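Each remark here refers to the structure printed beneath this line.
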Amino acid sequence: MYFEVWIDGSRREDVIRKLRLLCEEVWEVSGSYDLIVRADSEEKVKIDGVLRWRRHYTC
1 MYFEVWIDGS RREDVIRKLR LLCEEVWEVS GSYDLIVRAD SEEKVKIDGV
51 LRWRRHYTC
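In this note's numbering, the protein residues as written are 1 to 59.
Structure below.
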């Protein structure tokens, strides 16, 4: 499943690096959220530096 993710901008590189290790796909996007990630569970998205996430329903 895909998630829209908002991250702490001051720790952007660290958060993206951690998500790339945990998730199958990580895409940086411009728009109302920072990233789209594909993960097999919501637990993988719940890391330090992720401010908010929600399920991306159009994928």
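Backbone N, C-alpha and C define an ideal beta-carbon position, used for all residues, glycine too.
Note that the coordinates shown come from a computational prediction; the quantities given were computed from them, not determined experimentally.
Per the C-alpha coordinates, the member of I47, I7, V26, R17 positioned closest to M1 is V26. In the three-state reduction of the DSSP assignment, I16 falls in the helix class, which pools H, G and I.
The DSSP-derived three-state label of E25 is strand. Judged by their CB atoms, L51 and D8 are nearer to each other than the 7 Å cut-off. Rounded to the nearest whole angstrom, the CA to CA distance from R20 to V45 is 10 Å.
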